Ligand code: ADP
């Protein structure tokens with residue numbers, strides 16, 4: 018697709034959304050039989066799965082920590098998840114995203130409760146349209162809760178950015194390509210503490226505050242869907 022002259026026309030974006038609107042969001046908890054916890058997130062064209070195993074004994078044993086569990090996260094994009102086939106296996110980008118995912122989730126976990134253990138989080142991107150790291154974090158947080166891992170708060174995550182000089186919530190790939198700024202954020206929705214903030218591009222000081230407000234609002238909405246997904250799973254289990 019060629020870059021259109023404007024990304025926002027009459028207050029509407031290319032896909033018809035207003036600047037402060039999320040893409041259609043669907044979250045499900047407990048979708049994988051063999052994982053201890055799992056979740057799927059669909060956000061617009063993004064489709065992401067998260068699976069959690071543990072807390073379980075850490076292997077290899079030399080990585081065991083005597084006084085705490087270790088959280089291990091692996092973000093992976095399927096070769097068929099993007100237009101041009103992606104080369105399978107880890108690359109610089111997925112190593113970076115795995116690292117920031119771990120750092121975004123760790124602050125809500127009581128890792129000290131599980132010495133010598135590992136909690137493994139696998140994030141698989143099946144279809145990508147920008148915002149997959151934040152969708153992955155959102156899915157992983159639900160999967161951790163589904164696994165029964167004690168948490169201080171949920172983690173909700175979304176990207177905000179700037180296109181046509183306007184702050185927008187939840188950029189698509191086209192908006193990410195042609196916009197000027199992309200800022201993925203993860204936060205604890207109840208405590209209002211930020212656990213991930215990355216920025217590609219830049220915001221002026223007052224724009225940054227407005228962008229943060231947008232992200233807070235987006236995360237609140239995502240938090241509602243995360244809670245609902247967990248409630249839905251619990252209700253089905255109870256009736257069995
Ligand atoms: P995020 O998915 O968190 O927004 P990026 O900003 O790095 O992360 O990527 C934006 C989008 O670019 C991805 O969601 C995906 O649609 C696309 N993309 C990323 N890596 C590749 C790749 N190796 N090949 C093709 N498209 C990619």
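Residue numbers (the working numbering): 18 to 257.
A virtual CB, placed ideally from N, CA and C, is assigned to each residue, including glycine.
The structure presented is a predicted model; accordingly, all values stated were derived computationally and were not measured.
Checklist line | Proximity of residue 189 and residue 173 at Cβ, strictly below 8 Å | finding: As a working mapping, residue 189 is identified with position 172 in the chain shown. As a working mapping, residue 173 is identified with position 156 in the chain shown. No Cβ-Cβ contact shorter than 8 Å links residue 189 with residue 173.
Check: How far does the beta strand (DSSP E) with residue 197 in it reach, from first residue to last?
Finding: Residue mapping note: residue 197 aligns to position 180 of the chain shown, counting from 1. Unbroken run through residue 197: none, as it is neither H nor E.
Next item on the list: Starting from the C-beta of residue 114, find all residues in its chain whose C-beta is less than 6 Å away, skip the five residues before and the five after it, and write them out in chain order.
Entry: Counting from one through the chain shown, the residue named residue 114 turns up at place 97. These residues qualify, in order along the chain: 92 and 150.
Notebook entry, point to check: Going by C-alpha distance, which of 242, 248, 146 and 217 is nearest residue 32?
Noted result: The residue you call residue 32 lines up with position 15 of the chain shown. Among 242, 248, 146 and 217, the Cα nearest to that of residue 32 is on 146.
Next item on the list: Determine the closest residue to residue 62 out of 227, 200, 144 and 251, with distance taken between C-alpha atoms.
Entry: Start at 1 with the first residue of the chain shown, and residue 62 comes out as number 45. Of 227, 200, 144 and 251, the residue nearest in Cα terms is 144.
Item checked: Residue interval of the beta strand (DSSP E) (run including residue 73) -> On the chain shown, residue 73 is found 56 positions in, with the first residue counted as 1. Looking at the DSSP string, the run of the beta strand (DSSP E) that includes residue 73 is 63 to 74.
Item checked: Alpha-carbon spacing of residue 137 relative to residue 216, whole angstroms -> Against the chain shown, residue 137 aligns to sequence position 120. Against the chain shown, residue 216 aligns to sequence position 199. The straight-line gap from Cα to Cα measures roughly 27 Å.
Checklist line | Bridge partners - residue 139, DSSP secondary structure assignment | finding: Stepping through the chain shown from its first residue, residue 139 is reached at position 122. Per DSSP, 68 and 91.
Note to self: Output needed for residue 119: all residues of its chain with C-beta closer than 6 Å, excluding positions within five of it in sequence on either side, in chain order.
What the structure shows: Position 102 of the chain shown, counting from 1, holds the residue named residue 119. The answer, listed in chain order, is 88 and 90.
Next item on the list: Please determine if the stretch 239 to 247 and the stretch 34 to 49 are in contact, where contact requires at least 3 C-beta pairs separated by less than 8 Å.
Entry: yes
Next item on the list: List the endpoints of the continuous beta strand (DSSP E) containing residue 214.
Entry: For this step, residue 214 is matched to residue 197 along the chain shown. Bounds of the beta strand (DSSP E) holding residue 214 are 210 to 214.
Item checked: Burial state of residue 218, where buried means 16 or more other Cβ atoms lie within 10 Å -> Within the chain shown, residue 218 is the residue found at index 201, counting from 1. With fewer than 16 other Cβ atoms within 10 Å, it is exposed.
Item checked: Distance cut-off 7 Å: residue 147 Cβ against heavy atoms of the ligand ADP -> Residue mapping note: residue 147 aligns to position 130 of the chain shown, counting from 1. Yes - the ligand ADP has a heavy atom lying nearer than 7 Å to the Cβ of residue 147.
Next item on the list: May I ask you to report which of helix, strand or coil DSSP gives residue 40?
Entry: Mapped onto the chain shown, residue 40 falls at position 23. Note: residue 40 maps to coil in three-state DSSP.
Next item on the list: From the DSSP output, read off the bridge partner residues of residue 260.
Entry: The chain is shown from 18 up to 257; residue 260 falls before or after that span and cannot be answered.
Note to self: On the criterion of 16 or more Cβ atoms from any shown chain inside 10 Å, does residue 252 qualify as buried, or is it exposed?
What the structure shows: Position 235 of the chain shown, counted from the first residue, corresponds to residue 252. Its Cβ having fewer than 16 others within 10 Å, residue 252 is exposed.
Next item on the list: Out of 130, 116, 36 and 83, point me to the one whose CA is closest to residue 168's CA.
Entry: Counting from one through the chain shown, the residue named residue 168 turns up at place 151. Here the closest residue by C-alpha is 130.
Checklist line | residue 104, DSSP secondary structure in three states | finding: Counted from its first residue, the chain shown places residue 104 at position 87. Residue 104: coil per DSSP, three-state reduction.
Note to self: Checking 8 Å against the spacing of the C-beta atoms, do residue 37 and residue 234 come in under that value?
What the structure shows: Position 20 of the chain shown, counting from 1, holds the residue named residue 37. Position 217 of the chain shown, counting from 1, holds the residue named residue 234. Contact flag set, yes.
Next item on the list: With DSSP collapsed to three states, give me the class of residue 144.
Entry: One-based indexing of the chain shown puts residue 144 at position 127. Of the three classes helix, strand and coil, the one that applies to residue 144 here is strand, per DSSP.
Checklist line | residue 159 and residue 56 closer than 8 Å at C-beta | finding: The count along the chain shown starts at 1 and reaches residue 159 at position 142. The count along the chain shown starts at 1 and reaches residue 56 at position 39. Yes; because the gap between Cβ atoms is below 8 Å, this pair is in contact.
Check: In terms of alpha-carbon separation, which member of 183, 59 and 207 lies closest to residue 197?
Finding: The count along the chain shown starts at 1 and reaches residue 197 at position 180. The residue among 183, 59 and 207 with its C-alpha nearest the C-alpha of residue 197 is 183.
Notebook entry, point to check: When the Cα atoms are used, what is the spatial distance from residue 226 to residue 177?
Noted result: Stepping through the chain shown from its first residue, residue 226 is reached at position 209. Stepping through the chain shown from its first residue, residue 177 is reached at position 160. Each residue's Cα considered, the two are about 11 Å apart.
Check: In three-state DSSP terms, what is residue 126?
Finding: Here residue 126 is taken as the residue at index 109 of the chain shown, counted from 1. Correct three-state label for residue 126: strand.
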